[in-house]
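In what follows, a structure is listed as structure tokens, so that the remarks can point back to it.
Numbering (the numbering used here), first residue to last: 249 to 392.
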């Protein structure tokens, strides 16, 4: 279905890969891009379940925008029990680096909400414009 604000549709594969990540925990992350014709959001890369956060950040281009979902496992202090409790949250990342073209930034910004609504189950939204805004510390702060 096309996003009314941007006219960019979402490929069915995007929702299918997200459901595999969310429901089946088959992937650690999925990176999405707007195709070259600026018509559809498509799957760009899929991170195996054993992938680490660095694999996601390495897959993001320095000069173009991307969307990504990341299944983030972390621990929090548990006040009612001894030690830490494991947690998991699915994060939606909008990667919009300074070096990306103006047109790319505009297309990603205008199609963001429509695409995000297709991904039922995302718990945290995050936007980053440079690598320092996309670190494990930043993810942990947003997730907890």
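Positions of the beta carbon are idealized from the N, C-alpha and C atoms, including for glycine. All of these numbers come straight from a predicted model, not from anything done at the bench.
Practice task
For residue 369, I'd like the list of residues in its chain whose CB is within less than 7 Å of its CB, leaving aside the five on either flank, ordered along the chain.
Solution key: In the chain shown, counting from the first residue as 1, residue 369 sits at position 121. Around residue 369: 270 and 338.
Exercise for the section: Report whether the distance from the Cβ of residue 276 to the nearest heavy atom of the ligand COA is below 7 Å. Expected result: Annotation note on the ligand COA: not contained in the displayed structure, which lists no ligands.
Exercise for the section: Report all residues from its chain with a CB closer than 6 Å to the CB of residue 386; omit the five preceding and five following residues, and keep chain order. Expected result: Mapped onto the chain shown, residue 386 falls at position 138. Same-chain partners within the cutoff: there are none.
Exercise for the section: Figure out for me which residue from 389, 384, 333 and 261 has the closest Cα to the Cα of residue 278. Expected result: Taking the first residue of the chain shown as position 1, residue 278 is located at position 30. Out of 389, 384, 333 and 261, 261 has the C-alpha closest to the C-alpha of residue 278.
Problem - residue 384, buried or exposed, once every other Cβ within 10 Å from all chains shown has been counted against 16 - result: Counting from 1 along the chain shown, the entry for residue 384 is found at position 136. Under this definition residue 384 is an exposed residue.
Practice task
Just mark residue 351 as buried or exposed, buried being the case when its beta carbon has 16 or more other beta carbons within 10 Å.
Solution key: By 1-based counting over the chain shown, the position of residue 351 is 103. Classification for residue 351: exposed.
Exercise for the section: Within its chain, find whatever has a CB closer than 8 Å to the CB of residue 334; leave out the 5 residues flanking it on each side and keep chain order. Expected result: Position 86 of the chain shown, counting from 1, holds the residue named residue 334. Here the set comprises 321, 322 and 323.
Exercise for the section: Could you round the C-beta distance between residue 344 and residue 313 to whole angstroms and report it? I think they count as a contact, below 8 Å. Expected result: The count along the chain shown starts at 1 and reaches residue 344 at position 96. The count along the chain shown starts at 1 and reaches residue 313 at position 65. About 5 Å; that satisfies the 8 Å criterion.
Handout entry: Residue burial classification, residue 249 (beta-carbon count within 10 angstroms, cutoff 16)
Key = Reading the chain shown from its first residue, position 1 is the one you call residue 249. Low confidence applies here, because residue 249 scores a pLDDT of 48, under 50, leaving its location unreliable and the question unanswered by this model.
Practice task
Measure the C-alpha to C-alpha separation of residue 296 and residue 276 and round it to an integer number of angstroms.
Solution key: Locating residue 296 in the chain shown gives position 48, counting from the first residue. Locating residue 276 in the chain shown gives position 28, counting from the first residue. Taking the straight line joining both Cα atoms gives about 6 Å.
Practice task
Let me know the secondary structure DSSP gives residue 379 once reduced to three states.
Solution key: Position 131 of the chain shown holds residue 379. Helix, per DSSP.
Exercise for the section: Using the Cα positions of residue 359 and residue 306, report the straight-line distance between them to the nearest angstrom. Expected result: Along the chain shown, one-based indexing puts residue 359 at 111. Along the chain shown, one-based indexing puts residue 306 at 58. Roughly 24 Å between the two C-alpha positions.
Practice task
State buried or exposed for residue 286, treating a residue as buried only when at least 16 other CB atoms are found within 10 Å of its CB.
Solution key: Numbered from its first residue, the chain shown carries residue 286 at position 38. Per the 10 Å Cβ criterion, exposed.
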